[in-house]
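Have a look at the structure below before the remarks.
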Amino acid sequence: MFNNFPLWPERASTMAGNVDALYIFLLVLSGLMCVLIYTLILVFAARYRKRPGHVAEQIEGSNPLEFTWSIIPMGIFLVIFFWGAVIFFQERTPPRGATEVYVVAKQWMWKLQHEDGQREINELHVPVGRDIKMIMTSQDVIHSFYVPAFRIKQDVLPGRYTTAWFRATQPGTYHLFCAEYCGTQNSGGSVPVGTPSLGSSIASSPIARLGVLGALGYGLYRLLPLVTK
Ligand SMILES: [Cu+2]
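Shown next, in the form of structure tokens:
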């Protein structure tokens, strides 16, 4: 139903539904609180307005009231905390056996290299239904790998590796943005998601097809100690 809602990007990864559910929960909760607070303001303003013949009565606190308005919000905040934490850990923990893609960001492009050495620029061809883990670094400034349809966004920093992962759920071509203001031309790319057969044909292409530089880069990635499985 939300796929046609213009304020929502497409949902094309296993994570997208979870992130949206939490977001919608926060939106509805904030909306309800807003309505409740403004309604009470209006009701109390009318009910306890200054009138001739009425003298204000001093109210000296109430323990049940204090406990109620402390415990109920605390419960709600804890729900938000644990729900958010579960999604955070899912997003931060690439599944074992994920297919690795090496990503180097630079002004202004994404350079991506598959496990078998195949390279792409500003495009990441992946199959549906496979876990893809990006191991990323930057050649110059801070960039941010952002695919709205997958609900993933991860800073890409010079001198450090960061990772992100996703599993695409439907074929299509999705925007790949840089979500950092990294220069006068923020880089933009796409993630074409194909069928499993397309993906396996990409994955099975021989490393021998690489140029010398590509093979060197592949070897360097393998050697660097920070690249983890
Ligand atoms: Cu950038």
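So the sequence shown is residues 32 to 260, counted in this note's numbering. Don't be surprised by glycine CBs; every beta carbon is placed ideally from N, CA and C. Quantities reported herein were computed from a predicted structural model and do not represent experimental measurements.
Cβ distance (whole Å) where residue i is taken to contact residue j below 8 angstroms
i, j, result
"Q138", "C65", "About 42 angstroms; that fails the 8 angstroms criterion."
"V224", "G203", "6 angstroms"
"I163", "A136", "With 8 angstroms as the limit, I163 and A136 do not qualify as a contact, their Cβ atoms being about 17 angstroms apart."
"F181", "A47", "6 angstroms"
"T194", "I152", "That belief does not hold up - the Cβ atoms of T194 and I152 are roughly 20 angstroms apart, past 8 angstroms."
"G160", "R198", "7 angstroms"
"H174", "E211", "5 angstroms"
"I102", "L60", "The Cβ separation is near 16 angstroms, so there is no contact."
"V50", "I118", "6 angstroms"
"L155", "V132", "6 angstroms"
"W100", "L53", "Incorrect: roughly 24 angstroms between the Cβ atoms, too far for contact."
"E122", "I183", "7 angstroms"
"P125", "W196", "4 angstroms"
Span of the beta strand (DSSP E), counted from its first residue to its last, around residue i
i, result
"I90", "Run containing I90: none; DSSP gives neither H nor E here."
"L186", "Checking the sequence shown, residue 186 turns out to be Asp, not Leu. Per DSSP, D186 belongs to the beta strand (DSSP E) from I183 to V187."
"Y133", "T130 to K137"
"T204", "G203 to C209"
"I152", "R150 to I152"
"R198", "T193 to R198"
"K142", "M140 to H145"
"V172", "Segment: none, V172 is in no beta strand (DSSP E) and carries neither H nor E."
Residue i to residue j span [Cα, whole Å]
i, j, result
"S169", "V134", "8 angstroms"
"V222", "L96", "53 angstroms"
"P158", "S44", "12 angstroms"
"V258", "Q144", "At V258, the pLDDT of 43 sits below 50, so the modelled position is not reliable; the number obtained from the coordinates is stated separately. Whole-angstrom Cα-Cα distance: 14 angstroms."
"P104", "V110", "10 angstroms"
"V74", "K81", "14 angstroms"
"T200", "E41", "11 angstroms"
"L58", "H206", "25 angstroms"
"Y79", "C209", "54 angstroms"
"G190", "I55", "37 angstroms"
"A116", "F98", "26 angstroms"
"M140", "Y192", "17 angstroms"
"Q185", "E91", "51 angstroms"
"T70", "S93", "22 angstroms"
"Q89", "F176", "58 angstroms"
"K142", "F112", "36 angstroms"
"L269", "A87", "With the chain represented from 32 up to 260, any question about residue 269 goes unanswered, as that position is not in the structure."
"R150", "R127", "23 angstroms"
"F120", "G62", "27 angstroms"
Extent of the continuous alpha helix (DSSP H) to which residue i belongs
i, result
"M165", "Careful: M165 lies outside any alpha helix (DSSP H), inside the beta strand (DSSP E) at D162 to S169."
"S61", "A47 to R78"
Contact with chain D by residue i, beta-carbon distance below 9 angstroms
i, result
"K184", "Among the protein chains of the structure shown there is no chain D, as only one such chain exists."
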